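The opening residue of the sequence shown carries number 170 in this note's numbering; numbering runs sequentially from there.
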Amino acid sequence: MRRASPAGRPAAGGRAPRPRDAQPEQLGFEGMPERLFVCTPSRLGAYADCPRRYRYSYVDRPAPPKGPPWAHNSLGASVHTALKNWYALPADRRRPEALPTLLKGTWVREGYRDDEQERAAYRRALGWLEAYVGGLDPADEPIGVERVVAVKTGVLAFNGRADRIDSRPGPHGPELVIVDYKTGRAGLDGDDARGSQALALYAYAAERVFRRPCRRVELHHLPSGTVAAHEHSAESLARQVTRAEETARDIMAAERSVADGADPDDAFPTAPGPRCAWCDYRRTCPTGAALPGKEPWAAVERFAGPATEED
Ligand code: SF4
170 MRRASPAGRP
180 AAGGRAPRPR
190 DAQPEQLGFE
200 GMPERLFVCT
210 PSRLGAYADC
220 PRRYRYSYVD
230 RPAPPKGPPW
240 AHNSLGASVH
250 TALKNWYALP
260 ADRRRPEALP
270 TLLKGTWVRE
280 GYRDDEQERA
290 AYRRALGWLE
300 AYVGGLDPAD
310 EPIGVERVVA
320 VKTGVLAFNG
330 RADRIDSRPG
340 PHGPELVIVD
350 YKTGRAGLDG
360 DDARGSQALA
370 LYAYAAERVF
380 RRPCRRVELH
390 HLPSGTVAAH
400 EHSAESLARQ
410 VTRAEETARD
420 IMAAERSVAD
430 GADPDDAFPT
440 APGPRCAWCD
450 YRRTCPTGAA
460 LPGKEPWAAV
470 ERFAGPATEE
480 D
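Listed below in structure tokens is the structure:
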């Protein structure tokens, strides 16, 4: 169902949003629990970054066209899947010699400027993977690889796919650790791990799914071979959950206001910033369209040359 704005005009980009509230309404009998907001970390992150981007991604139907695929997303997806498939091998076959086959099998080709740049990125990714698995014990079996964990709170029905969930010995028995692979910018530190709402929500959910403590979260940056870690407390995890619930309430309020007749452009305002240059909806968004964008391969251009410390 398409819903027009109050003035009858379509929303920016020629599309009118279909708020979730335009779907069949759950009756609000007194005492009945309110509907939970079903979400993933990307969904919450999209709104926190820019409400308009959230609208384009999750509300407008049909969704506005995205820009072309990004080479850095292709690179990240290729490396993530190669590592997933590494753990699918029997332990005695988890050797660096397996990596070229794994990476070729999962390689995503989209977004590169040309074959030469793509080959350079492939070589670089293979080098990262070789260095990374050289530091792993092939006999280690994570408790989850690309594992979906889900949890409900009073507001959220959260689900998300963690890159890896390790079980490691702790002072009072096995403890879980959330591992997130990174292939982008260098210089991640403990503050990035501490501030990541996605990692905190994975930890909160994993603790409940597996009924084991899960307080440590780690960002494994493959290009630099560094690990940025943070040890959460029950309180810091609870704070991140509260923040996620606040974001969810804001989203539901924005959707409700559109259902009640507000202008979708006002309910989901733009939040311009450096991220606009990388936004999939830059061409649809009136704010983003006025700003310079990046070429789809801009973030991998440095791989065409020799490795640097920054990589
Ligand atoms: S271009 Fe910028 S302001 Fe527009 S939707 Fe994307 S992030 Fe938001």
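Note that CB positions come from ideal geometry on N, CA and C, so glycine has one too. On a predicted model such as this, the values are computed, not experimentally measured, just so you know.
Taking the Cβ of T456 as the reference point, at least one heavy atom of the ligand SF4 falls within a distance shorter than 8 angstroms. Around T439, the same chain offers C219, R221, C454 and T456 as residues with beta carbons nearer than 7 angstroms, after the five sequence neighbours per side are excluded. For the ligand SF4, a non-hydrogen atom lies closer than 8 angstroms to the CB of L460. By the Cβ test, the segment 352 to 372 is not in contact with the segment 260 to 267, since fewer than three Cβ pairs between them sit closer than 8 angstroms. As for any alpha helix (DSSP H) of minimum length 4 sitting wholly inside the segment 248 to 334, the runs are 268 to 275 and 284 to 303, ordered along the chain. In the displayed model, H241 falls within a helix according to three-state DSSP. Here V348 really is in contact with D332; their C-beta atoms are around 6 angstroms apart, less than 8 angstroms.
R444 has its CB nearer than 8 angstroms to a heavy atom of the ligand SF4. Residue environment analysis places E287 among the buried positions, since at least 16 neighbouring C-beta atoms fall within 10 angstroms of its C-beta.
Contact check for Y225 against P238 fails: the beta carbons are separated by 9 angstroms or more. Counting along the chain, the unbroken beta strand (DSSP E) around F206 starts and ends at F206 to C208. Between the segment 283 to 298 and the segment 263 to 272 there are three or more inter-stretch CB-CB distances shorter than 8 angstroms, so the stretches are counted as touching.
Here S405 carries a helix assignment [DSSP, helix/strand/coil].
In this structure, the alpha-carbon of V277 lies about 23 angstroms from that of R451.
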